[in-house]
Every structure is written in C-alpha cells, then in structure tokens.
Amino acid sequence: MGDRIAGHDDEVTALATAVMDGRRIVVSGGGDKTVRLWDPAAGASVGEPLTGHLGAVTAVATTVLDERPHAVSAGMDGTARLWDLAAGRQVACLGRYPARDMSMPIWKLLLVAFAGPGLHQEFAVATAKAGADSVAIVGGADGAQVWDLATGEARGAPLTGDLVMKVATAELDGRPVVVTSGPVGPIRLWELDSGAPMGVLPEETGVNRMVAALAVGKNSGQTVILTTRFHSHQDRGTVQVWDPASCSPVGEPVEVGGPPPVMMGPMTVIVRDGRSCGVAAVGTPPGRARLVAWDLTTGERVGESQMFPFLVSALIPDPGGPEGSLVIGFGSEVAILNPC
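Residue numbers 1342 to 1681, in my numbering, belong to the letters of the sequence shown in order.
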C-alpha cells in the first residue's frame, strides 16, 4: 500500500480525482460534511476543507469548467454543490429545495432517508458532457436531475422521479448515457442529451435484491456495466457483467465474496498487466474488508486479496498513478494502493 492520509473527522464516503496546477489530486467527501483535497505524491492535504453542506457528503465527481478543475458534491442536506478547486470556494448550490440541517450519524441518516418523506437527500452524482455543455447528474430521494454546471440551472425534467441511490455515466456509440439504480429493482439506462429511457438491466433472479454496487468501465474497448446485489446473509457476493447496448448479461456471474456472511462494497474497473479487471471491496466480520480483483473476460482471480482493518467505503482507479493503481477510502483515511 502507498501513503495513507488522515484528515476527515468522520468516515470517507466518496472519492474522485482531478488535475490541478499540473499535479494530480484526490478529492474526498466525508461524513463530517466536508470536501477535502489531497496531494498523493506529498501524502498531505491541499488547502482548507471545503465547507457548506449541512449534512454528510455522500458523493463527489470532478469536471473541468473554463479550463479550471471543479468538483460536484452531493449531500444528505438535499443539495449538490459546485466547487472551484483551485480557488477553494463554492460556485453554486444545485438544489430544488432549501438545504436542511442533517447533523446525525450516517447510519441514522440512511434510516431517516427511507422512513422520512420530504427530506430530499442526495445520494449520488456523476459528471459528463451533453454536447458542449458540462453537466452533473444528481440522484437522490426525488429522482435523478441533470444540472447545467455553467448556469447552475436544472436541465429539463428529472430522468426519473423514483429514489436513486447510484448514478454512473458511460458512452455508447458516441452518445453519453446515464445509468441509475434505486436500492432495489431494475437498473435503468437513459440517453443524456434527450433524457429518453434506453433500456433496463433486469433483476437476474427475478427476486428484488438490493443493488449493493454499480460500476461502469471498458473491457476490450467495449463499455460494460458491473452490478452486485444483496438478498440475505447467505449471499456469497457475486458480480454480473452487462452489455449496455443490448441490456443483456455477459457470461455467468462471478463469485468474489466467498463464504457468507459477506457485505459487498464499492466496485471499479482498472487495467492490470494489459487486462481489464474488476475490483470489489468485500466486507467481512468484524468490520473489516478485503479487495478482490478478477479478469473481466475470463472471470479468473488476479493477484492476492488485500486486507484492510476497516470497511472500504470508496474505491476508484487512480489515473495518475502506475497501471492498476487505486484510491480507496476506509475509516477516516484515504490511501493510494499501488499494484504489487
């Protein structure tokens, strides 16, 4: 493992990367209501924490506006916020409702989110280009809304009004596509430019199982979607690869969790030794985790599982590091994980 960087006062909930002043930086969101910047080369924080959210930050994504690095964060206070990373300041508050003070532990916030109507929490965010416009897709209790980042205005009607817990973006045949999922049920694809539905990834077993993780990546140059679901404590942690063009599964599910009980965490796609690999965080009792990598084409394991003393709450590729590098969040720390 590379450097471990501590700084958040609560759990790291989300990660993204950007380039600022010619150096790669990591952007993190936390349960302490802050967005923070890190220099992985120096193993230190960059600037002051970005504050403004009134509840835990649940997701972050980065983009470039006017040739400057920006981040979009989503929060339990019902807002998404646009930040100029170089200036260290908030540029816009993207929200259909006023921010609400949600100062409570994340586990309690999630209970409130499912039980309490009208709280408007935001759980997920992704960025993309819609034509020449930079946009953010924010998912939460009120659905998935596309926002124009140049104007700070909502772009059309929400893609869906259903509860959205996860959002990802991809490109199919040169068209930007949005992937959304709720806590259970089907995973839906939308054309970003028009907002039109494109298809549904059906539940593999016909049983409504919780969508534990969702990732988008490339395998042999083709866009693929990875999903893992949870039904009971007997689940062994399987991942299904999908072809988004046909909304059909690619091959059989791959078991990555092992003997139950396991809790599937975040996933991502990396390139290791020239092969496209999936990487999943698997939680195991008592509150620990391991990272498991496998070849997306063959389903075979790649390398040894790596253990962590806490559950892994965020996991993304590190495009500025060596091939196969990862950025992970566990506990209140951020770490750079270089391939062995």
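All residues carry an ideal CB built from backbone N, CA and C; glycine is no exception.
Endpoints, beta strand (DSSP E) assigned at residue i
i               : result
arginine 1550   : No beta strand (DSSP E) holds arginine 1550; DSSP gives it neither H nor E.
threonine 1568  : 1563–1571
arginine 1496   : Run containing arginine 1496: none; DSSP gives neither H nor E here.
lysine 1374     : From DSSP, lysine 1374 is part of no beta strand (DSSP E); its letter is neither H nor E.
leucine 1632    : 1629–1636
glutamate 1674  : 1674–1678
methionine 1539 : 1538–1542
alanine 1622    : 1616–1625
Closest Cα partner of residue i within the set the options
i               : options                               : result
alanine 1621    : Val1387, Asp1373 and Thr1569          : Thr1569
isoleucine 1677 : Trp1379, Thr1639 and Pro1524          : Trp1379
asparagine 1560 : Pro1410, Ile1669 and Ser1617          : Ser1617
isoleucine 1611 : Gln1486, Val1595, Trp1635 and Val1623 : Trp1635
proline 1660    : Glu1389, Arg1364, Asp1350 and Leu1533 : Arg1364
glycine 1592    : Gly1640, Gly1598, Ala1553 and Val1557 : Gly1640
glutamate 1674  : Gly1371, Thr1358 and Val1360          : Gly1371
alanine 1465    : Leu1356, Gly1497 and Ala1400          : Ala1400
glycine 1484    : Ala1473, Val1597 and Leu1500          : Leu1500
proline 1543    : Leu1533, Arg1529 and Met1551          : Arg1529
In DSSP terms, what residue i is bridged to
i              : result
threonine 1521 : Val1508 and Arg1529
cysteine 1434  : Arg1422
aspartate 1584 : Ser1589
histidine 1394 : Paired residues: none, contrary to the question.
aspartate 1503 : Partner(s): none; aspartate 1503 has no beta bridge.
glutamine 1462 : Looking at the DSSP assignment, glutamine 1462 forms no beta bridge with any residue, so it has no partner.
Contact check, residue i vs residue j, beta carbons under 8 Å
i              : j               : result
leucine 1435   : glycine 1493    : yes
valine 1398    : serine 1386     : no
proline 1594   : glutamine 1581  : yes
threonine 1420 : leucine 1490    : no
leucine 1513   : proline 1590    : no
aspartate 1373 : glycine 1396    : no
alanine 1357   : isoleucine 1657 : yes
Residue i CB to nearest heavy atom of the ligand COA below 7 Å
i            : result
leucine 1513 : This structure simply doesn't include the ligand COA, nor any ligand for that matter.
Counting pairs of beta carbons, one from the segment 1501–1512 and one from the segment 1520–1533, are three or more of them closer than 8 Å? The segment 1501–1512, when compared against the segment 1520–1533, does touch it at the 8 Å Cβ threshold.
Three or more C-beta pairs under 8 Å: does that hold for the segment 1600–1610 against the segment 1618–1637? Contact between the segment 1600–1610 and the segment 1618–1637 is present, because at least three Cβ pairs lie under 8 Å.
At least three beta-carbon pairs within less than 8 Å, the segment 1529–1547 to the segment 1638–1654: Counting C-beta pairs closer than 8 Å gives fewer than three between the segment 1529–1547 and the segment 1638–1654, which falls short of the contact rule.
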